[in-house]
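This report concerns only the one structure given below.
Residue numbers (our numbering), protein chains in the order written: chain A, -17 to 622; chain B, 992 to 1091; chain C, 1214 to 1396.
Below, the structure written as structure tokens:
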């Protein structure tokens, strides 16, 4: 049943108010006010979201809360009414976004304590929250796209937050432009969908209407739409081929990395696919593409992560890899598994980034793991939180990541994608390797910290450690909403989402226990390997790197994909733009035509003026010629 | 019997001579005289045609043409005198001030 | 009129017209023009336009040509010695004139001018009564306008041709002097 719930609008109003306050009054009222309002509006927003979610839980399965806003666009038969909707899917999303978001806002207060630009920071962060919530709460595809664009904008603003550094500003631009390429695909997908439906007289892009009339969409149009929309998702959620902006986005403040590039924005693509599950179910080819790209990206990014020295870069590639898992899940038809992993990932990846931020903050900006080590005694809270998060991401049984990653691999296997499952399982091992590598290099072993930074090294203030503890708590128990069938409340999460995303129908029967054991086994090997390489025999990594020098270089330079794109796309584009369009067409043709038109008039005038030479007889001669012409005409008339 | 076509041919011939004179001669006064020639050739045409038609219109028109020619000659010569006073020349090639 | 007379007058007028155009001395050109006018006047009278013919001699040849002559003497024009313009112009001009002549002659070709004419003229044709009849009835307005035109011509001629008075000469001298000082 659908219940009207006007308070949903408050979920958007609070962050919006935060934006306005921080932008206009923030600089004047000072740091204290901003530190109160910035996180404050987010907590208020989270409170309303919780209230809405609790209300939803009390309603029968398949219900939704809605809040219509106003009619926005109208063009002939086409119309877009804005409205908010909280059903099982968007309910989960809004809780994650506002909850994790609120705590990251709190953390930012401590992290940005020494930065003078705090007002701008919190206004951007609130704006991001607003856009993400618009995306998640939207009840139609167009409004979702508004949010989609909004988060892209905020990502740009926040990545290039310290814009005084040209490289940071460049990275922000790179993120925005790569996103834009994906967005073009997204828009084309919307157009394709609309034109397919308009054929049958349906002009609405409301999700409810789309689901109702899904049968009218032919499989060709569905596949095209699915692929085009997924192109947008590869940009926003950093999959192959448009993932290149995410590692470079790490130049932004670490809380930004945590919120935007781990927990929320990058998950927008997964949410979109889950939201449009009925569309994707009509296009098995598109889903196969989604799953394949997801698995490939997961493996690909994992291999890069194992050699990176920068702590945030490892986490960035880890994010790309985990997003690949989510797409593998939704692409296999296990939509709830993908969303489940989205939720647990928000917890542990957000936590990982915040802990990394804590380390960086303690080391006054040092991000190179080669200059860390033996920090676990100096930063205890950070260490234990990071350990829990690492255990979660490595799918160690009992922690949240275990349940979510297993559901995805189970879904992949049971939908028939054996090779993708295998790739995912291997990647699980790789994930464990690089995550424990990170843990060991940062917190264990010999201290490689620069002497000058040693005495300043202390644990972060409470305002930063409280969010760590909260997220660690959820990283631990967050997976317990979905237990193996038969155990306690069983697959409660899947059942909760089923009315919205449909049921998963396995094509291949398998034993979940077997699959789980296999995957866990591979993970165990990964952990063991990392233990050996980085704790027991510290010289091994260098030996291996020296032995496989070429491969090592390739991985370190992230397969030189950025250079490839530069060669294939950027340089030709610039060439066309400068040589052909600018010099060729603009200067030569357009300017040339205008200039030559003027010159033609000028030179013809120059030539013609010589006729008027002041000599009366010349004038009379010309006159005579005219007379001859006229008389000739009369002669002609008379003759005939 | 004098044919009309002969008279018209004569008129055309004198007109053509007048045009030629205007184009070729450089002395302004002679150019002016060529204009008078042209006018007279036209007068002849008018008279001949009027005579053949038997009406007085031709002669009346010639009357007017002569009057206008007189007025024009007066003013034109006054201009020539004025030019001569300023420029000391009546050669057409020297009087090309109104050029580009 | 007798054919012989016509041919004589026609030849005379053409030859003297050529003389106008060809002569170097402007006075000789003028005299040739007078001869042309007189022969044309004879032709007029031969056609029956007696008044107009006489008027031609009296007004045109008598007054206007004398005016020309006075101007030539006043300006004391010498015999022309300079060349008469560029060859190109002369050449092209001659061709153009020949073309014009040819065109107009087409109208004179036999068979073209099919005019119904009366063999005889009405009584009093070409007399002063007949002229006045048309002049003051049909062409009255033109007549009046022409008289205004004559007035304007007189005023204009006087204004154009007079010498500046002493006062004007002095003013002009002062103007020139002040302009020189400013420069």
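Cβ atoms here follow ideal geometry from the backbone N, Cα and C, with glycine treated the same way.
Practice prompt. Could you name the residues of chain C that residue 1038/B contacts, counting a contact when the two beta carbons are closer than 7 Å?
Written response: 1257, 1260, 1262, 1265, listed in chain order.
Practice prompt. Answer with buried or exposed for residue 1335/C, where buried requires no fewer than 16 other C-beta atoms within 10 angstroms of its C-beta.
Written response: It counts as exposed.
Item to complete: Report yes if the CB atom of residue 1090/B is closer than 8 Å to the CB atom of residue 568/A, and no otherwise.
Response: Not a contact, by the Cβ cut-off of 8 Å.
Worksheet item: Is the CB of residue 583/A under 8 Å away from at least one CB in chain B?
Response: By this cut-off, residue 583/A is not an interface position.
Worksheet item: Using DSSP with H/G/I as helix, E/B as strand and the rest coil, what is residue 52/A?
Response: Three-state result, residue 52/A: strand.
Worksheet entry | residue 357/A versus residue 405/A - alpha carbon distance | Between the alpha carbons of residue 357/A and residue 405/A lies a gap of roughly 34 Å.
Worksheet item: Per DSSP, residue 1254/C is paired with what?
Response: For residue 1254/C, DSSP records no beta bridge to any residue.
Worksheet item: Between residue 475/A and residue 309/A, which are expected to be in contact by the criterion C-beta below 8 Å, what is the C-beta distance as a whole number of angstroms?
Response: The C-beta separation of residue 475/A from residue 309/A comes to about 19 Å, leaving the pair out of contact by the 8 Å criterion.
Fill in: Secondary structure of residue 1089/B, DSSP reduced to three states
Residue state, collapsed to three classes: coil.
Worksheet item: Looking at the structure shown, is residue 188/A part of a helix, part of a strand, or coil, going by DSSP?
Response: DSSP places residue 188/A in the strand class (E or B) of the three-state scheme.
Fill in: Extent of the continuous alpha helix (DSSP H) run through residue 65/A
From DSSP, residue 65/A is part of no alpha helix (DSSP H) but of the beta strand (DSSP E) over 60 to 68.
Fill in: Cutoff 8 Å; reference residue 456/A; Cβ partners in own chain excluding five residues on either side
Closer than 8 Å at Cβ, skipping near neighbours: 329, 382.
Worksheet entry | Run of the beta strand (DSSP E) containing residue -16/A, from where it starts to where it stops | Where residue -16/A is concerned, the enclosing beta strand (DSSP E) stretches over -16 to -14.
Discussion item. For residue 1246/C and residue 1028/B, which I take to be in contact (beta-carbon distance under 8 Å), what is that distance rounded to the nearest angstrom?
Written reply: Yes, residue 1246/C and residue 1028/B are in contact; Cβ-Cβ is about 7 Å, under 8 Å.
Practice prompt. Name, please, each residue of chain A whose Cβ falls closer than 7 Å to the Cβ of residue 1087/B.
Written response: Simply 595, 596, 597.
Worksheet item: Are there three or more Cβ pairs, one per stretch, closer than 8 Å when the segment 37 to 54 of chain A is compared with the segment 104 to 115 of chain A?
Response: No: the two stretches stay apart, fewer than three of their Cβ pairs being nearer than 8 Å.
Item to complete: Output the distance between the C-alpha atoms of residue 244/A and residue 229/A, rounded to the nearest integer angstrom.
Response: Cα-Cα distance, rounded: 11 Å.
Worksheet item: Is the Cβ-Cβ distance between residue 453/A and residue 297/A less than 8 Å?
Response: Going by beta carbons, residue 453/A and residue 297/A fall outside the 8 Å limit.
Worksheet item: Along chain A, which residues have their Cβ under 9 Å away from the Cβ of residue 1066/B?
Response: For a Cβ distance threshold of 9 Å, nothing in chain A lies close to residue 1066/B: the least Cβ distance comes to about 16 Å.
Worksheet item: In whole angstroms, what separates the C-alpha of residue 128/A from that of residue 204/A?
Response: Just so you know, the alpha carbons of residue 128/A and residue 204/A end up roughly 22 Å apart.
Item to complete: Identify, in the order they occur along the chain, each residue of the same chain with its Cβ nearer than 6 Å to the Cβ of residue 43/A, setting aside the five sequence neighbours on each side.
Response: Excluding residues within five positions, the ones whose Cβ falls inside 6 Å are 481.
Worksheet item: Between the segment 1008 to 1026 of chain B and chain A, which residues of the former have CB atoms less than 7 Å from a CB of the latter, in chain order?
Response: Answer set for the segment 1008 to 1026 of chain B: 1010, 1013, 1014.
Worksheet item: Roughly how many whole angstroms lie between the Cα atoms of residue 1042/B and residue 1049/B?
Response: If I take the Cα positions, the gap works out to 7 Å.
Worksheet entry | Neighbouring residues, chain A, relative to residue 1090/B (Cβ below 7 Å) | The answer, in chain order, is 594, 595, 596.
Discussion item. Quick check on residue 573/A: does DSSP put it in helix, strand or coil?
Written reply: DSSP places residue 573/A in helix when its eight states are reduced to three.
Practice prompt. Quick one: list the residues of chain B neighbouring residue 602/A, beta-carbon separation under 7 Å, in chain order.
Written response: Under the 7 Å cutoff, chain B gives 1013, 1014.
Worksheet item: Can you tell me whether DSSP reads residue 121/A as helix, strand or coil?
Response: Looking at residue 121/A - three-state DSSP - the assignment turns out to be coil, as it is neither helix nor strand.
Worksheet item: Using 8 Å as the limit for Cβ to Cβ distance, is residue 1029/B near chain C?
Response: Taking Cβ atoms only, chain C never reaches closer than 8 Å to residue 1029/B, which makes this a no.
Item to complete: Starting from residue 634/A, follow the alpha helix (DSSP H) in both directions and report where the run begins and ends.
Response: Limits of chain A in this structure are -17 at one end and 622 at the other, which puts residue 634/A out of reach.
Worksheet entry | Whole-number beta carbon distance between residue 1073/B and residue 1231/C, since they are thought to touch under 8 Å | With a beta-carbon spacing of about 31 Å, residue 1231/C and residue 1073/B fall beyond the 8 Å limit used to define contacts.
Discussion item. Between the alpha carbons of residue 219/A and residue 132/A, how many angstroms are there, rounded?
Written reply: Their Cα atoms are separated by approximately 15 Å.
Practice prompt. List the residues of chain B whose Cβ lies closer than 8 Å to the Cβ of residue 1355/C, in chain order.
Written response: Going along chain B in sequence order, the residues near residue 1355/C (Cβ under 8 Å) are 1055.
Worksheet item: Between the C-alpha atoms of residue 295/A and residue 360/A, what's the straight-line distance to the nearest angstrom?
Response: Rounded to the nearest angstrom, the two C-alpha atoms are 23 Å apart.
Worksheet item: Can a CB atom of chain A be found closer than 8 Å to the CB of residue 1069/B?
Response: It does not; no Cβ of chain A falls within 8 Å.
Worksheet item: chain B partners of residue 606/A, CB-CB under 8 Å?
Response: Contacts between residue 606/A and chain B, judged by CB atoms closer than 8 Å, involve 1010, 1014 in chain order.
Practice prompt. Going by CA-CA distance only, name the one from 1222/C, 1358/C, 1391/C that's closest to residue 1259/C.
Written response: In this structure, 1222/C is the residue among 1222/C, 1358/C, 1391/C with its C-alpha nearest to the C-alpha of residue 1259/C.
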